[in-house]
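A.B. asks:
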Amino acid sequence: MYRTVTEDDKRDRLGIDCWMDCALTDSIPYLYNLQYVVYKRLGSNDKAKTAISKVRNKISDDGKNMLLEETPMLNRHLKTSFNLLGNCYELEDDRERAWDVIQCL
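Residue numbers (the numbering used here): 432 to 536.
Written out as structure tokens, the structure is:
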């Protein structure tokens, strides 16, 4: 996912900071986020809400797995997944819940 927005953003980064041009996320929460956006635009609100639940459940599962001793610390880009979930809540016009999710970071 490319995140540099303007030419100023690009110009202000040194060559060693090129990694900042991209946002990394686990593919599964991103897929569910895309499902949410598509269903929302199509007016399928029940399916959109199901997609939000899937994002939330995936984040919950990843968080639990990261705490298990037998599982090494997995970098599943949990913060980006929280941002995706917060974005879903913003698009639902549920700003309070979006703020709560973003504060978890």
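In this text, a Cβ means the ideal position worked out from N, Cα and C, and glycines have one as well.
Would you mind working out which of Y461, T481, V469 and L473 sits nearest K510, comparing C-alpha positions?
C.D. replies: Here residue 510 corresponds to residue number 79 of the sequence shown, with the count starting at 1. Of the candidates Y461, T481, V469 and L473, the one whose C-alpha sits nearest the C-alpha of K510 is Y461.
A.B. asks: Alpha carbon to alpha carbon, how far is K485 from V532?
C.D. replies: As a first step, residue 485 is located in the sequence shown; it is residue number 54 there, counting from the start. As a first step, residue 532 is located in the sequence shown; it is residue number 101 there, counting from the start. Taking the straight line joining both Cα atoms gives about 15 Å.
A.B. asks: Quick check on D439: does DSSP put it in helix, strand or coil?
C.D. replies: On the sequence shown, residue 439 is found 8 positions in, with the first residue counted as 1. Three-state result, D439: helix.
A.B. asks: For L515, which three-state DSSP category applies?
C.D. replies: Walking along the sequence shown from the start, residue 515 turns up at place 84. In the structure shown, L515 sits in a helix (DSSP, three-state: H, G or I).
A.B. asks: So what's L455 in DSSP terms, helix, strand or just coil?
C.D. replies: Position 24 of the sequence shown, counted from the start, is the residue given in the question as residue 455. The answer is coil: DSSP assigns L455 none of H, G, I, E or B.
A.B. asks: Excluding sequence positions up to five away, which residues of its chain have a Cβ less than 8 Å from the Cβ of T456?
C.D. replies: By one-based count along the sequence shown, residue 456 stands at place 25. Here the set comprises M432, H508, T511, S512 and L515.
A.B. asks: For D531, which three-state DSSP category applies?
C.D. replies: Position 100 of the sequence shown, counted from the first residue, corresponds to residue 531. D531 falls in the helix class under three-state DSSP.
A.B. asks: Taking buried to mean at least 16 other C-beta atoms within 10 Å of its own C-beta, is N464 buried or exposed?
C.D. replies: Residue mapping note: residue 464 aligns to position 33 of the sequence shown, counting from 1. With 16 or more Cβ atoms within 10 Å of its Cβ, N464 is classed as buried.
A.B. asks: Pick helix, strand or coil for E521, following the three-state DSSP scheme.
C.D. replies: Along the sequence shown, read from residue 1 onward, the residue named residue 521 stands at position 90. Helix, per DSSP.
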